[in-house]
Each structure stands twice: as C-alpha cells, then as structure tokens.
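Let me begin by presenting the structure, written as structure tokens, before commenting on it.
Protein chains: 2
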Amino acid sequence: MNIAEVAKAAGLPAKTIRYYEDIGLIQPARRDNGYRAFGQNDLHRLAFVARARSLGFSIQECRALLALYQDRARASGDVKALAVAHLAQIRAKIAALRGMEATLADLVQACHGDQRPDCPILHGLSQPASGDAQ
Amino acid sequence: MNIAEVAKAAGLPAKTIRYYEDIGLIQPARRDNGYRAFGQNDLHRLAFVARARSLGFSIQECRALLALYQDRARASGDVKALAVAHLAQIRAKIAALRGMEATLADLVQACHGDQRPDCPILHGLSQPASGDAQ
DNA sequence: CTTGACCTTCCCGTGACTGGAAGCCCCATA
DNA sequence: TATGGGGCTTCCAGTCACGGGAAGGTCAAG
Chain A
1091 MNIAEVAKAA GLPAKTIRYY EDIGLIQPAR RDNGYRAFGQ NDLHRLAFVA RARSLGFSIQ
1151 ECRALLALYQ DRARASGDVK ALAVAHLAQI RAKIAALRGM EATLADLVQA CHGDQRPDCP
1211 ILHGLSQPAS GDAQ
Chain E
1091 MNIAEVAKAA GLPAKTIRYY EDIGLIQPAR RDNGYRAFGQ NDLHRLAFVA RARSLGFSIQ
1151 ECRALLALYQ DRARASGDVK ALAVAHLAQI RAKIAALRGM EATLADLVQA CHGDQRPDCP
1211 ILHGLSQPAS GDAQ
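Keeping their order, the protein sequence lines are chains A and E.
Read the first sequence against the numbering used here and you will find it ends at 1224, with the numbers running on by one and no gaps.
Read the second sequence against the numbering used here and you will find it ends at 1224, with the numbers running on by one and no gaps.
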C-alpha cells in the first residue's frame, strides 16, 4: 500500500503518518522508487495509534502501548496501569474544565449583555478569585 | 516595581510577563538602566490576564478582553459574546473528554490487570470504534 | 509527450510558554 | 576598593503534535 491508501484506511492524514515514521512509531519498507511500502502490520499499528490518540493518549503513551501491543509476553497489568493513569489525567482535566465552566457560567449569567458598559464579567476578571473573602 | 515584585503580585512567572510584553499585552516603562518599571495599570492588566488565562481564555481572547476592559465606552454585550463563545468551547471540550473517559473506563474495568497477556484494553484499541457493528 | 495526480524531502509556523546562556547592574560586606 | 551574590537584560532553542507549502522525482493515462 502507498501512503494515501493506508492514510484512508487508518483514518490519518499522510502528513501525520510521515511524522509517525520520523519519530519511530512505524518503520515501513521502501520501494525502489523511494515510495513507502506499507504492510498489514504498519496499518495495524497506525490504526492502533489513531485510536489511542483519539482517547487522548500522548505520543509517548502510544509508544508504550504499541510496545505492549506487540509483546506477546506482556502483562495486562502494565497496560491497565497506563490506562488508569491516563484516565486519572482525563478526570483531572474534566474537573479543571468544570471549575472554569462554573465560574464562567456564573459571570455570564450575571451579565445583562446590552449596550451599557457595566459588566460583571470584566469586574470578576479584575477581582481576586471569586472564592476569596474580601 | 521591578519584574520580580509584579510577578509575585500578579501570580505570574517573570518569564511569562516578558513574553506578554513581547506580544504586546503590556508596555511597561523602562528605567535608565534598562529595567522594566511597572506601574499600577501594568499590574492590573497582568492580574486581569492571569485570571482570564486561568479561565481558559486564549491569548487572543485575553487581548480582546483587555481592550474591552479598558474601554469605557464598551458594550457589555460584546464581553458577554466573548464569554459565551468561550463557555461553549469549554463545554465542547468537557463533552469530548467525557467521551474518552467513558470509553476508557469501560476498557479499564474489563481488564483484569494481572500477569496474563490477554488484555481487553489492547483489544479495544486494535478494533474499530466500539459503537460500530461488526 | 504531456498532463495531472501522487510521492519524496525540507523547512517554517503554530500556542504559550520554559530553560538556559551570556552579560549588565546594584547593593552590601570585607 | 574589591568582590560576591542576586536581580535584571536579551537572545536562542526546545516543547507537543502536527500542518502548510515549496521544489522536485514518479507513474499511469491519453
């Protein structure tokens, strides 16, 4: 397979696939003309990475997951540890975003949003954090 | 005020303050020796940006908010529009993260996580998206 | 033979900083 | 007066995960 075909199959832009080769996630063979020749294993790895990335795993985490993926002697505990750590990060991000959402929703709700300059949102941003006394 | 003092007061690293000057968010005066001389207005702007950033506003959005902040003839509707748009982005991010969280939590829960190589997490990552048939 | 689609490498830009090097400046102490 | 340590300055490079675009080689069809 050429890069366009594997890109379509894996759901990744060709640019991204070249980048993944650059950083060593895949090592496709080369034809005489210099074109990359992707095999089934390359495609599996790319699709695997695409799904891991869509779950928010970083490239480094994908690297580790790929290594486990193709290690027949892996312990599922190692995979789970990675996933659990990542899940914790996701939950931390959600919590942070929910904090922002709550604060921002309060400010938005307090703002009449008309032609007048008086604005609780700007006022809130110019004051120390809302939870603090005084 | 020198940069260290204003950094402490605004809750921002000195490096970040220099960067904010670079990109034009503030324009502190200079002393004869080349040191930045921050005034009250600089400090207000920096503290404002710090809080806006902590609510997830991008630098570009902060730029717009700062302009409104110091425009006495602003319409609060303009501020609110910015905030509402940003709130929508935050909610979209939360939704995306919750999708990841749900998928990942399912996979984690299905994985026994011991010494055996069999692993539903890796299996899930190697299969087309879970919702699809076949 | 030409056209146009595909492939290659290479380099720059993104956002919002962070780290580090090299070099002034200022104050206090010996 | 020398010196030492901290604070300040600029500039350059790196981060993360790509994306855009240029310059040029390759291939299949007409």
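For every residue, glycine included, the Cβ atom is placed at its ideal position computed from N, Cα and C.
Assess, as a yes-or-no matter, whether the stretch 1140-1156 of chain E is touched by the stretch 1165-1174 of chain E under the definition of 3 or more beta carbon pairs within less than 8 Å.
yes
Beta carbon proximity, A/Glu1151 to chain E, threshold 8 Å:
no
So if DSSP puts A/Arg1135 in a beta bridge, which residue, or which two residues, is it bridged to?
DSSP output for A/Arg1135 lists no bridge partner at all.
Using a Cβ-Cβ distance cut-off of 8 Å, determine whether E/Ile1116 contacts chain A.
no
Can you name the residues of chain E whose CB is closer than 9 Å to the CB of A/Arg1143?
Result: empty, since nearest Cβ-Cβ is about 10 Å, beyond 9 Å.
Going straight from the alpha carbon of A/Ala1142 to that of A/Gly1203, what length do you get?
42 Å
In whole angstroms, what separates the C-alpha of A/Tyr1159 from that of A/Ala1140?
14 Å
C-beta contact flag for E/Leu1197 and E/Pro1210 at 8 Å
yes
Beta-carbon neighbours of A/Leu1133, restricted to chain E and to distances below 9 Å
Correct list: empty, because the minimum Cβ distance to chain E is about 11 Å.
Assigned exposure category for A/Ile1113 - 16 Cβ within 10 Å defines buried:
exposed
For a minimum of 4 consecutive residues, which ranges assigned as the alpha helix (DSSP H) are wholly contained in the stretch 1158-1221 of chain E?
1166-1200 and 1210-1216
Just the C-alpha distance for E/Ala1097 and E/Gly1129, rounded to the nearest angstrom, thanks.
12 Å
Exposed or buried, which one is A/Tyr1109 when buried takes at least 16 other CB atoms within 10 Å?
exposed
Less than 7 Å between C-beta atoms, sequence neighbours within five positions excluded: which residues of the same chain meet that for E/Ala1223?
Low confidence applies to E/Ala1223: its pLDDT is 42, below 50, so where it sits in the model is not reliable enough to give any reading.
In angstroms with no decimal places, state the Cα-to-Cα distance between E/Thr1106 and A/Gly1189.
23 Å
Assuming E/Gln1179 contacts A/Ala1165 (C-beta within less than 8 Å), just tell me the rounded distance between them.
No, E/Gln1179 and A/Ala1165 are not in contact; Cβ-Cβ is about 40 Å, not under 8 Å.
Measure from the C-beta of E/Val1096 to each C-beta in chain A and report whether the shortest distance is under 8 Å.
no
DSSP state of A/Arg1126, grouped into three classes?
strand
E/Arg1229 versus chain A: which residues are under 8 Å apart at the beta carbon?
As shown, chain E starts at 1091 and ends at 1224. That puts residue 1229 of chain E outside it, with no answer to give.
E/His1213, buried or exposed, once every other Cβ within 10 Å from all chains shown has been counted against 16:
exposed
Opening and closing residue of the alpha helix (DSSP H) in which E/Arg1108 lies:
Ala1104 to Asp1112
Alpha carbon to alpha carbon, how far is E/Ala1094 from E/Ala1104?
6 Å
Give, in chain order, every residue of the stretch 1204-1216 of chain A whose Cβ lies closer than 7 Å to some Cβ of chain E.
Asp1204, Gln1205, Arg1206, Pro1207, Asp1208, Cys1209, Ile1211, Leu1212, Leu1215 and Ser1216
By Cβ distance, which residues of its chain are closer than 7 Å to A/Leu1102, with the 5 residues on each side in sequence left out?
Leu1136 and Ala1140
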